[in-house]
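One rule links them: number in the working numbering = place in the sequence shown (from 1) + 318.
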Amino acid sequence: MKKWIAFLTILPAIGALTVVNKVEPYVLGLPFIVFWSTLWLVLTSACLIVCNVIYDRKEQNK
């Protein structure tokens with residue numbers, strides 16, 4: 319199960335780079351590819367923190 323979650327965290331970065339590899343449009347003053355990479359960096363970190371909290375809670379209940 320953990321391998322599946324790890325795969326899901328990198329899937330948007332790999333799959334979307336071919337689609338969003340453009341300088342324009344600008345989002346929040348950044349080229350779209352920079353915005354996209356930053357967005358997924360933050361979202362991936364948040365997902366991993368949530369997963370870590372969930373797994374730690376399960377281990378503490380045992």
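Just so it is clear, CB atoms sit at the ideal spot from N, CA and C, and this is done for glycine as well.
Measuring CA to CA, which of the options is closest to residue i?
i, options, result
"Ser-355", "Cys-365, Ala-334, Gln-378 and Glu-342", "Ala-334"
"Ser-363", "Tyr-344, Ile-328 and Trp-322", "Ile-328"
If you run the structure through DSSP and keep just helix, strand and coil, what is residue i?
i, result
"Leu-346", "coil"
"Asn-370", "helix"
"Val-341", "coil"
So, under 8 Å CB-CB, residue i and residue j are touching, yes? Tell me the CB distance rounded to an integer number of Å.
i, j, result
"Phe-350", "Val-338", "6 Å"
Distance check for residue j and residue i, CA to CA, integer angstroms please.
i, j, result
"Trp-358", "Gln-378", "30 Å"
"Cys-365", "Val-352", "20 Å"
"Leu-348", "Ile-332", "20 Å"
"Glu-342", "Arg-375", "43 Å"
"Trp-322", "Val-371", "17 Å"
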